Amino acid sequence: MLVVAFVSFSLFTFVGDPINNMVGEETSDEERAELRETLGLNDPVYVQFSRFVINASQGEFGISYQLRRPVSDLISERLPATLELVIISALIALTSGTLLGVYTGINRKGFLSDTILAISLLGVSLPTFVIGILFIYLFAVILGILPSFGRGEVVDLGFWSTGFLTISGIKAIILPSVTLSLFQMTYIIRLVRAEMMEILQTDYIKFARARGINEKSIHYKHALKNGLIPVITIAGINIGTLIAFSIITETVFQWPGMGFLFIQAVKFVDIPIMSAYLVFIAFVFVMINFIVDILYYFIDPRIRVKAEAVSG
Amino acid sequence: MDNQGLTLLNRIKDSDIYFSFIKSPTAIVTAIILLIIFFCSFFVEIVAPFNPFDPSSLSLMDAFTPPSWSEDGVTKFFLGTDGQGRDMLSTILYGSRISLIVGFSAILFSLVLGVTLGLTAGYFGGKYEMVVMRFTDVQLTVPSILMALLVDGIARGIISKELHNEMAIYVLIFAIGISEWPQFARVSRAATLVEKNKDYVSASTIIGVSNITIMFKHILPNILRPILVIGTIGLALAIITESTLSFLGVGVPPTTPSLGTLIRIGNDFLFSGEWWITFFPAIFLVILAFSINLLGDWMRDTLNPKLN
Amino acid sequence: MSFLKINNLSVDYEMRRETVYAAKNVNIDVNRGEILGLVGESGSGKSTVGNAIINLIDEPGKISNGSIVLDGINILEDPENIAKYRGKKIGLIFQDPQTSLNPILTIGEQLIETIQTHLNLNTDDARSKATNLLKEVGIKDAEIRFNNYPHQFSGGMRQRVVISLALCCEPELLIADEPTTALDVSIQSQILDLIKRLTKERNLAVILITHDMGVIAETTDRVAVMKNGDLVEIGPTKEILTKPKEIYTRSLISSVPPTNKKISRFKIIEKENKSQSDTNIKILNRWVKKEISNKDLVQVKNLSKTFDDSFFTESSKNSVMAVNDVSFNIKEGQSFGLVGESGSGKSTIAKMIVNLFRPSSGEIYFNDICITKIKSNKEMMKFRKQIQMIFQDPYSSLNGRLKVKDIVSEPIKLHNPSISSIDLDNYINDLLESVELSRQSANRYPHEFSGGQRQRISIARALATQPRLLVCDEPTSALDVSIQAQILNLLKDLQEQLNLTILFISHDLPVVRQMCDRIAVLKNGKLCEVALTEDLFVKPTHNYTKELLTLMPKIESIYN
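This is the structure:
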């Protein structure tokens, strides 16, 4: 985490002169010097860094160059939008992806399997934004049944605003979440399928067959359980990727989330937002890895129960 | 020397790969499609009916012409024209050339960087390997889009605006390349570890062959297969990433539009009914990516020794 | 009537370019209470027959002809019903206990599941049945171990668990496919005894598939010999082994290294390369043959090697002492054997002598110079010329991407950089002919050769620098027994004509007896005994040596 903080900080300090970015061209040199003093930019580097870290851990990231508002406010406003989108997409991608992956892994041949695979290959080749545009065109322009931008009405729950409690909110989240999940879903399908196929070739499956265990048990009890172990890691990385890809989806659907904010920041070189986003993302990833490690511990007995080989 | 070339050809002919290629219709079809696309893109000046960058050839009267098979279309502009009177077919061809150049260069950069690091890490082991692997692990958790965006963002901040426009393509290639190298490193290292334990490596060591020679003469040719598969799929990904970035407005500069840029421009006209301006570039992009993925998939299945 | 009768069984595999006939019109029968051995070399089809009985043939294979009559019923007639027989009437065990068990379920769960699939018992009854079974196969503390996971058992114990799983529903036929090949000699004899006991106690019909003639001699009542899918001969074990009728059987038996005497050469009845003439070692012309002194060429003093955690995955200790204070000498021109089971450290010692890694402590002297202390690469190169190695796995010891001539020329070019290309070609040809390969082999790729031929290429490569010491790490363990005989003969000839000193590493005692003048026995990294070969075999002093000698399967036991 500290590494990330340092990177963020260097962005902040060294990339471009913050003052230049913040104020217009007309400001006089005197005023610039004054501003510099107030912001503490004349202090030595390590002082600035520790100030940055302390502020960051309290969620204080300074002021956006472009929008002139505290970054932390901006983030807390946008966070619920992104998170809701990501969570729904993750659910869609993981559940359908796993189900379809298992199905195509077990039934290697057959029309349905081949179709699913062909579609999944298509899914990997379709950039998310193309899917988004397509959906908008289809559902909003031609069919006119779903909104093409925005979040719909949101209900403010104090620190969180949710779109789940209104019909327009729910309608609004359908297209973006499906768009976002599609890319990931296809990836999961192929992964789970490859896993299943590999497991079904192993000796212990063969031995189970030799003992007369029926196919259904073999597939669901023996193969699937083993197959899920690597999927957990992938699920973790998945959520990270979803957050990243939400940038695209938010742009296409004009969804007011953090991704949209970030893109604007990159365009206008709005450093505080960029560094805040970075820190936030890093935090999320570290948390995810941590949770995945814990899950692994519970699921794989080889890790849980130490090998004390008793010879004899 | 002649003999060498001939035997290589013969070897390819005899190989299993060629055999499966001939027998697989998907492989042949996709290969043909890709060859056509590559050819058109690189010889675009000859192939394209118009040069959309020549302002003198444009006329606003031609703007918004629909594709030739619809009511108001003309055969001259096969796929219609955009808001400035540019022929869609030509712009798409020019655009695909940019997309392909960026995609190929980026993935090449990734490959060289990733394979070198992965190969040496797997071979030498120790602290060096640990450090390299930490880097890959950390970077792998960051999705490539994010990585590319970050690198691009930093570049914008460092380089001045004018210089940035000139260098944009190189920055983009670097950004996408940097985001993809961990995959190559990871695969190369894993494959290297497997090969390193094989006896032929021990035999060469005992003979006294130098480490570098072992790595590049012995190990590298044996780990090419999985790298090739990842490379193909990575190429598709690189092309998609580039188009995504261009779509978002942080990719190639508007003077050299890629397919992604075209889609973005066309998007504005979608609601007013001129669907073809965004539609055709999008279809082209999808066909390109799909063919590459299909080929990569076929390669993965053929080159996998286990599934037979 | 026999309990199991296989009639005219044919199994075909339709591959990409051709069809492989894995089994051709095989006729076999087995009775209850008897063990039938199914023996053959690789590609003989013995495993295919075993798998076919319970219809476990994977695609692209299929049973194209024949019937399998079990207790009067042709079970091939209704392929869907085969599942009923699996586990209930027929039990099958595989070679590798490590991969046969599902790693994330306890063995208790796997036992109960199997029992409840075939027998109508509630969980408690199933549990007690399973526990009793574990006791029967010799697992102590069965109640506790019931809840253990597979990785908590050692190799031998795991195989016992596998056997219990195969037998838990009281089948009447047991098929054991190379059940002890992956185990050490001492464990092997225990498992074979277990199988023999269970056969008697449960009146089982048993098919024991193996490539090891010694196992056949000691364990089976009748034996069937297979080659390339054909059934060559079938009959009572004693008869087949003492008075074989077919040429192939005779060749197979004569290739087996005798355990009770030393012979000078193996008798070869059918040669692999038909065009082989008697050994014509052409490289003798170039070889600067040294006169054999009576000195020690190699001296190993207090050699030790410790590996830390990263090398071993299963052990929960932090470091393993693979080699512990080992010392021995090898006289020039001699053949010295290093014998031990897995984990004995023999391979590690070999790798230290060829300088693949450095010892943790101790020294190795070659020609009175301490090679373990050499730091500079240049110095080391001088010794690399003189010490070469050949390996166990013929498939991984050659780089599949290089032509044979490139593989063999690599050492030559490295140590003689100024050699002209004509000279080089001639030298390569001489080397290939010395190992009984044709000149045309030079332009081919490794995958075009069989296992035995690849070992010959490895030998040619090793001889290219005219080494004084040739280290052979289990060079024939992965080869069929008839090929093994030919390669061992080749090594003997080469040693004699070129005055080579050989360090021969193996776990196979009879082979070592035939090849070596002196032998060192290792266990768990420690040296147990060093003696002249005949002394070791006839009058062993160390207990471990005595144990190994008693337990190793002997083909001669058939005469008792």
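Chains as they are written, first to last, in the numbering used here: chain A, 35 to 346; chain B, 49 to 356; chain C, -13 to 546. Ideal placement from N, C-alpha and C gives every residue a C-beta, glycine not left out. Note that the structure is predicted; figures quoted are calculated from it, not measured.
- Under DSSP, the beta-bridge partners assigned to C/L(-10) are C/V16, C/L56.
- Around the beta-carbon of C/H433, fewer than 16 other beta-carbon atoms lie within 10 Å, marking it exposed.
- Contact between the stretch 130 to 138 of chain C and the stretch 273 to 283 of chain A is not established, with fewer than three Cβ pairs separated by less than 8 Å.
- For A/Y238, the nearest beta carbon of chain C is closer than 8 Å to its own beta carbon.
- Following the DSSP letters along the chain, one finds A/F169 in no beta strand (DSSP E) but inside the alpha helix (DSSP H) bounded by residues 162 to 169.
- Shown here for C/A9: same chain residues with a beta carbon closer than 8 Å to its own, the five before and five after excluded, namely L(-5), S(-4), V(-3), G31, T34, V35, A38, G215 in chain order.
- The three-state secondary structure of B/N315, taken from DSSP, is helix.
- Proximity of B/G256 to chain C, defined by a Cβ-Cβ separation below 8 Å, is satisfied.
- Counting only residues of its own chain and dropping the five nearest sequence neighbours on each side, B/A330 has a CB closer than 7 Å to the CB of I311.
- Counted as a single uninterrupted DSSP element, the alpha helix (DSSP H) harbouring C/E204 occupies residues 199 to 205.
- Annotation for C/G29: N214 place their beta carbon closer than 7 Å to its own, counting only its chain and skipping 5 residues before and after.
- For C/Q84, the enclosing alpha helix (DSSP H) has its first and last residue at 83 to 86.
- Not a single C-beta of chain C is nearer than 8 Å to the C-beta of A/N141.
- Of C/Y7, C/L24, C/L455, C/S436, the smallest CA-CA separation from C/I226 is found for C/L24.
- A Cβ-Cβ distance of about 11 Å is found for the pair C/Q374 and C/T487, leaving them out of contact under the 8 Å criterion.
- Beta-bridge partners of C/Q374 (DSSP): C/L456.
- Around the beta carbon of B/T184, 16 or more other beta carbons sit within 10 angstroms, so the residue counts as buried.
- Around the beta carbon of C/P46, fewer than 16 other beta carbons sit within 10 angstroms, so the residue counts as exposed.
- Using a 10 angstroms sphere on the CB of C/F343, the tally of other CB atoms stays under 16, which defines it as exposed.
- For C/E318, no alpha helix (DSSP H) encloses it, and the DSSP letter there is neither H nor E.
- Residue-level contact check: A/R224 does not touch chain C, since none of the beta carbons of chain C fall below 8 Å from its beta carbon.
- For B/A238, the closest of B/F152, B/T350, B/M347, B/L165 by C-alpha to C-alpha distance is B/L165.
- Our two residues, C/D57 and C/N134, have alpha carbons roughly 37 Å apart in a direct line.
- Scanning its chain for C-beta atoms nearer than 7 Å, with the 5 sequence neighbours on each side dropped, one finds around C/K291 the residues A308, V309, T334, M338, P345, S346, in chain order.
- For C/G26, the enclosing beta strand (DSSP E) covers residues 21 to 26.
- Proximity of C/R387 to chain A, defined by a Cβ-Cβ separation below 8 Å, is not satisfied.
- In the structure shown, C/P222 falls within a strand segment according to DSSP collapsed to helix, strand and coil.
- By the 16-neighbour rule on beta-carbons within 10 angstroms, A/G144 is exposed.
- With a threshold of 8 Å between beta carbons, B/D200 makes contact with chain A.
- For a Cβ distance threshold of 8 Å, residue set S252, I255, V257 of chain B lies close to C/E396, ordered along the chain.
- Scanning the stretch 463 to 539 of chain C for uninterrupted alpha helix (DSSP H) segments of 4 residues or longer gives 467 to 484, 495 to 501, 519 to 524, 529 to 537, listed from N- to C-terminal end.
- Per DSSP, C/Y351 is not a residue of any alpha helix (DSSP H); the beta strand (DSSP E) it occupies stretches across 347 to 352.
- Between B/Y176 and B/M263, the CB-CB gap reaches or exceeds 8 Å.
- For B/S107, the CB contacts under 6 Å within the same chain, skipping 5 residues up- and downstream, are G133 in chain order.
- The C-beta of B/K244 comes no closer than 8 Å to any C-beta of chain C.
- Residue range 141 to 153 is occupied by the alpha helix (DSSP H) that includes C/I149.
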